[in-house]
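**Student:** Can you keep this structure in mind? I'll have questions shortly.
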Amino acid sequence: MNTLESTFWGLLKSHLPKDCHAQRIETGSTGLGIPDVNMCWQGHEFWVELKIVKGKRVELRPEQVAWLFRRNRAGGVSWIAARDKADGVRKGKYDRIHIWPGSLSMEVKELGVATPGGYVFEAPFNWDAIINTLFGK
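Every letter in the sequence shown is one number past the one before it in numbering that gives the first Met the number 0, and letter 34, counting from 1, is 33.
Right under this line is the structure:
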């Protein structure tokens with residue numbers, strides 16, 4: 000996980016419910032495609048692949064797309080969460096978090112932030128809404 004993704008993870012983690020069990024997964028080359036984080040809260044378990052938007056792209060590796068697709072096909076729950084933060088190069092100041100179900104991984108890889116079927120949250124973030132989205136509440 001790169002530095003910006005680590006910062007995004009720290010922000011998300013700081014807003015999780017106190018009794019949520021969240022585990023970052025560091026597999027290196029032993030588990031290609033496995034998402035960055037596994038979470039469980041009140042009986043709802045899922046995986047999250049964390050990304051930082053680059054331009055309008057969300058860079059998913061083929062192994063990540065395949066893992067998310069296979070997990071969805073098996074009935075599992077997974078998400079792609081991508082932070083899109085103005086970096087001074089683009090006009091306007093904004094900070095957004097995009098969340099898509101893992102079933103849309105191929106589309107997210109191809110279309111980036113233009114992928115329909117997801118959720119967009121703008122700063123200041125409504126963390127209750129973000130957490131409820133992830134946990135299917």
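Just so you know, even glycine gets a beta-carbon here, dropped at the ideal spot from N, CA and C.
Note that this is a predicted model, so its numbers are computed, not measured.
#1: Under 9 Å between the Cβ atoms of residue 48 and residue 104?
#2: Roughly how far, in whole angstroms, is the beta-carbon of residue 4 from the beta-carbon of residue 55, given that I think they are within contact range, below 8 Å?
#3: Considering only the alpha carbon of each residue, which of 109, 21 and 24 lies closest to residue 60?
#4: For residue 57, I'd like the list of residues in its chain whose CB is within less than 6 Å of its CB, leaving aside the five on either flank, ordered along the chain.
#5: Quick one: grab the DSSP three-state call for residue 44.
#6: Taking the straight line between their C-alpha atoms, what separation do you get for residue 39 and residue 23?
#7: Comparing C-alpha positions only, which one of 34, 18 and 127 sits nearest to residue 65?
#8: For residue 42, does the count of other Cβ atoms within 10 angstroms reach 16, so buried, or fall short, so exposed?
**Tutor:** According to the structure shown:
#1: Their beta carbons are under 9 Å apart, which means residue 48 touches residue 104 by this criterion.
#2: 18 Å between Cβ atoms; not a contact.
#3: Residue 109 is the option with its Cα nearest to residue 60.
#4: Here the set comprises 50, 81, 107 and 111.
#5: In the three-state DSSP reduction, residue 44 falls in the strand class (E or B).
#6: Spanning the two alpha carbons is a distance of roughly 12 Å.
#7: Ranking the options by Cα distance to residue 65, first place goes to 34.
#8: Under this definition residue 42 is an exposed residue.
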